[in-house]
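A.B. asks: Chains as they are written, first to last, in the working numbering: chain Z, 55 to 149; chain S, 814 to 1063; chain W, 27 to 348.
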Ligand SMILES: [Fe+2]
Ligand SMILES: [Fe+2]
C-alpha cells in the first residue's frame, strides 16, 4: 500500500453498558485518534454505541479457516461440558 | 428588553444557521469519505441549534413568526450572524480554520450561557455545549494535523488563518443588546470569553506550528446586519423556494 | 465429503446457506464477481449523493434541510460500509475510487439524470430509494458474509429515506396547484429511470445465472422490477398522481400489474456515458479526490511524526530508568 493512503481500522462498538464490544465494520484513518472519531461519526450516528474500540486491521491475527476442523470440531463431542449431559431427577427442581 | 432578547437570540440562531449551511455545502464533496460524514454531523448539530434559537426568537418577538419564517423570509440586512460564519468554504484548510476559530469561541461561550437566567436559552446552551465540545475536539485535532503535516498543508492552513483572522474580532464585540442583557443575567459578557479564546487559540496554533497573525485591524458589522457580499448569495439560494412560492407549505 | 473438489465443497456450503467469510477459500470468479458488484454498489451510493446534494442548500424549510442532509450523509455511510466489504476481498478503496474517477467503473445509471426541482427530492426518496430497498433487502442474505452484514446495516438506515421522500411528495400533492404539478412532473421524469434501476431484462442479463447459483443474487431483475411496480401503483394513487405509463393495468390472471415497454436504448446509452449528467458526476468526484490528496498526505505525515515523537519519548524514559 502506498504511504499516502490511510490504513484500515476495524471498529468494535459496545452498544450498551454491560454488553461486550462487537465488530461493527471498518474504516480508514491516519491515526488512532482519527479512527475513533471517524468511528463515532460513521458507526454511531443512531445512538448505536457507548464505547468504541479501534484496532488497525493489520494487527488482527485470525485463525485459519482451513484449520476449522482441528480447532473447533474436537469440542463437538465434549458433551459433558453441557448441563444437559447430567441426569438429575425432576423433583430436585431447577439446578 | 424583549427587542434586545430577540436581537440576541437571532444572532445566535443566525450564526449557527449560516455556518451550518456553509458546512452542508461539503456534502458529497468532502476530501475523504469519513470526513464528509464528520462535517455533515457538525452541520446537522449547528442547523439544529439554529432551529432552537430561531424558534425561541419567534416566541420572544411574539409576531407569530416561527423558525422557518425567520430563516427564510428575512433579508440580508436583517441577519445578525457574525461575519466569520458566512465566509466561503474555499478548501478543507479554510473550512477547518473557520470552524476552529468559531468552536474555540462557542465552547467557553456556551459554558457560560448555560448559566443564563433565561431558562430557555440556558437549556439550548446545555444541549449545544455537548455538541460543541465535540466540534472543538474535531477542529483542534485537524488544525494540528494539517498545520504540522506537510509543507503544503501548512502553507494552506497559514493562508487560511491569515485571511480569516480579521473576522475574529467581531466575535467579542458587544452592543446595547449585550449591555442590556448582561445586566439581566441573560447574556454572556464577551470580555470574559476573549482571554479563554485567546488562550485556546494560541496553544492550538503553537501545537499546529502555525503563526498567529499580527494584524489587529478587525472587520465588524454582522451583529448590526452589515455583512460581506457572501451572505446575499447564501440567502438567495437558501430562500429561493419559499420566496418563489410565497403561499406554499413544504 | 473427502473426495469432493474445492469447488464442490464451496458450492455445498452455499447450498447449505453457510456464509462465506473473507479468508475462506473461494473460486476466483466468485471473488471477482463480488468485487465488481460491491464496488459498483459502493460507487452508486457515493455518486448518488450528488443529485440530492444539489438541493441541500435550497431545501425549503429547516426540517427538510436536516432530513435531506442526514439522508445524503447516510448514503456516504453506505458507500463506506460497502467499500469496506469490498476491501475484505483484497482490494483497496483508493484503487476502487481511482476506477470510478477514471471512468473505468460503473455505477447506477439513475444518478446521471438531473434534479431539476425540489419535487425531485421527493421522487428520488420515494422511487429511487424504494427501488434500491427492493434490490437490497434480498442482499442481506447474500452468501458473502461481509456484504450481507453491510447490507443489513444499510437496509436499517434506508427505511427513513423512502419515507422522507414520500412525505415530500405528499406535502406537494396536497399543496398548491403549482406544487402538485411539480410533483407530477418529477414523477414523470423519474418513473422510467427508476424501473430501469433493476437492470436489463432477465433475457439480456449477462451475470444472472451464476450469481443466483452463488446466492449473491436471490431474485431476477424482472421479478424485482415487477414487485416494485406492484408496490408503487397504489402509493401513486394515494398521492393522486399518475404513473406515466398508459399501458399500466392490473392483470387479474398474473395477480400483478402489466406495464409498458422499457426504452432500453436510452438505458444503454446512459450506461455508456451519454446521460445528461455522466460527465458532471464524474468531474465532481474527480475534484473531490483531487482536493482530498493533500489532506490525506498531511494526515499521514503528521501521524508518522507523532509516532516518532512518542517513540523518542519512550526511549528517553527507558534510558532514564536504566
Ligand atoms: Fe443507500
Ligand atoms: Fe438511501
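From the three backbone atoms N, C-alpha and C, an ideal C-beta is built for every residue, glycine too.
1) Note down, in chain order, every chain S residue with its Cβ under 8 Å from the Cβ of residue 95 of chain Z.
2) Output needed in chain order: residues of the region 953-970 of chain S with a Cβ under 7 Å from some Cβ in chain Z.
3) To which residues of the same chain is residue 923 of chain S closer than 7 Å at the C-beta, ignoring the five residues directly before and after it?
4) I want to check one thing, is the minimum distance from the CB of residue 101 of chain W to the heavy atoms of ligand 1 below 7 Å?
5) Can you pull the chain Z neighbours of residue 951 of chain S, defined as C-beta to C-beta under 8 Å?
6) Would you say residue 116 of chain Z faces chain S, with C-beta separation under 8 Å as the test?
7) Just confirm the distance between the C-beta atoms of residue 832 of chain S and residue 859 of chain S, as a whole number of angstroms; I'd bet it's less than 8 Å.
8) Closer than 7 Å: is that where the CB of residue 69 of chain W sits relative to any heavy atom of ligand 2?
9) With a threshold of 7 Å (Cβ to nearest heavy atom), would residue 932 of chain S be considered close to ligand 1?
10) Tell me whether residue 176 of chain W counts as near ligand 2, meaning its Cβ is closer than 7 Å to at least one heavy atom of that ligand.
11) Using C-beta distances below 6 Å, list every residue in its chain close to residue 156 of chain W, excluding the 5 sequence neighbours before and after it, in chain order.
12) Roughly how many whole angstroms lie between the Cα atoms of residue 109 of chain W and residue 119 of chain W?
13) Less than 8 Å between the beta carbons of residue 77 of chain W and residue 141 of chain W, yes or no?
14) Determine the burial state of residue 337 of chain W: buried for a count of at least 16 other Cβ atoms within 10 Å of its Cβ, exposed for fewer.
15) Quick check on residue 82 of chain Z - is its C-beta less than 8 Å from some C-beta in chain S?
16) Under 7 Å from any heavy atom of ligand 2, does the C-beta of residue 187 of chain W make it?
17) Output yes if chain S places a C-beta closer than 8 Å to the C-beta of residue 112 of chain Z; else output no.
18) With a threshold of 8 Å between beta-carbons, can residue 1054 of chain S be considered close to chain W, or not?
19) What are the start and end residues of each continuous alpha helix (DSSP H) run of 4 or more residues lying completely inside the region 976-1016 of chain S, in chain order?
20) Ordered along the chain, which non-local residues of its own chain (more than five positions away) have a Cβ less than 7 Å from that of residue 301 of chain W?
21) To which residues of the same chain is residue 883 of chain S closer than 8 Å at the C-beta, ignoring the five residues directly before and after it?
22) Is the CB of residue 309 of chain W under 8 Å away from at least one CB in chain Z?
23) Just the Cα atoms here: how many angstroms apart are residue 221 of chain W and residue 280 of chain W?
24) Just curious, the beta strand (DSSP E) that residue 937 of chain S is in, first and last residue?
25) When you compare the CB of residue 64 of chain W with every CB in chain S, is at least one pair closer than 8 Å?
26) Check whether the Cβ of residue 158 of chain W lies closer than 7 Å to any heavy atom of ligand 2, and answer yes or no.
27) Identify, in the order they occur along the chain, each residue of the same chain with its Cβ nearer than 8 Å to the Cβ of residue 839 of chain S, setting aside the five sequence neighbours on each side.
28) Beta-carbon within less than 7 Å of residue 114 of chain W's beta-carbon, same chain only, minus the 5 sequence neighbours each way: which residues are those?
29) Nearest chain W C-beta to residue 921 of chain S closer than 8 Å, yes or no?
30) Identify, in the order they occur along the chain, each residue of the same chain with its Cβ nearer than 6 Å to the Cβ of residue 912 of chain S, setting aside the five sequence neighbours on each side.
31) Take residue 925 of chain S as the anchor and find which of S:975, S:1007, S:988, S:1033 has the nearest alpha-carbon.
32) For residue 896 of chain S versus residue 983 of chain S, is the C-beta distance shorter than 8 Å?
33) Any beta carbon of chain S sitting closer than 8 Å to that of residue 48 of chain W?
34) I'd like the list of long-range same chain contacts for residue 139 of chain Z, defined as Cβ closer than 8 Å, with 5 residues on each side in sequence excluded.
35) List the endpoints of the continuous alpha helix (DSSP H) containing residue 241 of chain W.
36) Is there at least one Cβ from chain W nearer than 8 Å to residue 59 of chain Z's Cβ?
C.D. replies: In terms of the structure at hand:
1) For the purposes of this step, residue 95 of chain Z is taken as the residue at position 41 of the first chain. Counting only Cβ-Cβ distances below 8 Å, residue 95 of chain Z has contacts in chain S at 847, 850, 851, 854, in chain order.
2) For the region 953-970 of chain S, which is checked against every Cβ of chain Z, the residues closer than 7 Å are 954.
3) Residue numbering aside, residue 923 of chain S sits at position 110 when the second chain is read from its first letter. These residues qualify, in order along the chain: 938, 941, 942, 945.
4) Locating residue 101 of chain W in the third chain gives position 75, counting from the first residue. Taken from the Cβ of residue 101 of chain W, at least one heavy atom of ligand 1 lies inside 7 Å.
5) As a first step, residue 951 of chain S must be located in the second chain, where it is residue number 138. Residues of chain Z passing the Cβ test: 91.
6) Counting from one through the first chain, the residue named residue 116 of chain Z turns up at place 62. Closer than 8 Å: no.
7) Counting from one through the second chain, the residue named residue 832 of chain S turns up at place 19. Counting from one through the second chain, the residue named residue 859 of chain S turns up at place 46. Correct: roughly 6 Å between the Cβ atoms.
8) On the third chain, residue 69 of chain W is found 43 positions in, with the first residue counted as 1. Not under cutoff, so the answer is no.
9) Along the second chain, one-based indexing puts residue 932 of chain S at 119. No, ligand 1 has no heavy atom inside 7 Å of this Cβ.
10) By 1-based counting over the third chain, the position of residue 176 of chain W is 150. Flag unset: Cβ of residue 176 of chain W not near ligand 2.
11) Along the third chain, one-based indexing puts residue 156 of chain W at 130. Cβ within range, chain order: 188.
12) In the third chain, counting from the first residue as 1, residue 109 of chain W sits at position 83. In the third chain, counting from the first residue as 1, residue 119 of chain W sits at position 93. Their Cα atoms are separated by approximately 6 Å.
13) Position 51 of the third chain, counted from the start, is the residue given in the question as residue 77 of chain W. Position 115 of the third chain, counted from the start, is the residue given in the question as residue 141 of chain W. With contacts defined as CB atoms closer than 8 Å, residue 77 of chain W and residue 141 of chain W qualify as a contacting pair.
14) On the third chain, position 311 is the one that residue 337 of chain W refers to. Only exposed fits residue 337 of chain W, as fewer than 16 other CB atoms lie within 10 angstroms of its CB.
15) As a working mapping, residue 82 of chain Z is identified with position 28 in the first chain. In terms of beta-carbon proximity, residue 82 of chain Z lines the interface with chain S, with at least one pair separated by less than 8 Å.
16) Against the third chain, residue 187 of chain W aligns to sequence position 161. Indeed, a heavy atom of ligand 2 lies less than 7 Å from the Cβ.
17) Along the first chain, read from residue 1 onward, the residue named residue 112 of chain Z stands at position 58. Taking Cβ atoms only, chain S never reaches closer than 8 Å to residue 112 of chain Z, which makes this a no.
18) Counting from one through the second chain, the residue named residue 1054 of chain S turns up at place 241. Yes, contact with chain W.
19) Runs found: 989-996.
20) Here residue 301 of chain W refers to the residue found at position 275 when the third chain is read from its first residue. Cβ within range, chain order: 135, 138, 139.
21) Walking along the second chain from the start, residue 883 of chain S turns up at place 70. If we look at residue 883 of chain S and ignore the five residues flanking it on each side, its Cβ neighbours are 823, 826, 867, 870, 871.
22) Translated into the one-based positions of the third chain, residue 309 of chain W becomes position 283. No, because no Cβ of chain Z sits closer than 8 Å to the Cβ of residue 309 of chain W.
23) Here residue 221 of chain W refers to the residue found at position 195 of the third chain. Here residue 280 of chain W refers to the residue found at position 254 of the third chain. If you draw a straight line from the Cα of residue 221 of chain W to the Cα of residue 280 of chain W, it comes to about 19 Å.
24) Taking the second chain and counting its residues from 1, the one referred to as residue 937 of chain S is at position 124. It is not in any beta strand (DSSP E) - residue 937 of chain S instead sits in the alpha helix (DSSP H) that spans 932-960.
25) On the third chain, residue 64 of chain W is found 38 positions in, with the first residue counted as 1. For residue 64 of chain W, the nearest beta carbon of chain S is not closer than 8 Å to its own beta carbon.
26) Within the third chain, the letter at position 132 stands for residue 158 of chain W. The nearest non-hydrogen atom of ligand 2 is less than 7 Å from the C-beta of residue 158 of chain W.
27) Taking the second chain and counting its residues from 1, one reaches residue 839 of chain S at position 26. Here the set comprises 849, 852, 853, 856, 902, 908.
28) Here residue 114 of chain W refers to the residue found at position 88 when the third chain is read from its first residue. Correct list, in chain order: 48, 172.
29) Here residue 921 of chain S refers to the residue found at position 108 when the second chain is read from its first residue. No, residue 921 of chain S lies away from the interface with chain W (no Cβ there is under 8 Å from its Cβ).
30) Within the second chain, numbered from 1, the residue matching residue 912 of chain S stands at position 99. For residue 912 of chain S, where only same-chain residues beyond five positions count, the Cβ hits under 6 Å are 952.
31) Here residue 925 of chain S corresponds to residue number 112 of the second chain, with the count starting at 1. It is S:1007.
32) Working through the second chain from its first residue, we reach residue 896 of chain S at position 83. Working through the second chain from its first residue, we reach residue 983 of chain S at position 170. A contact, by the Cβ cut-off of 8 Å.
33) Here residue 48 of chain W is taken as the residue at index 22 of the third chain, counted from 1. For residue 48 of chain W, the answer is no, since every Cβ of chain S falls outside 8 Å of its Cβ.
34) Against the first chain, residue 139 of chain Z aligns to sequence position 85. The residues are 133.
35) On the third chain, position 215 is the one that residue 241 of chain W refers to. Careful: residue 241 of chain W lies outside any alpha helix (DSSP H) and carries neither H nor E.
36) Looking up residue 59 of chain Z in the first chain gives position 5. Closer than 8 Å: yes.
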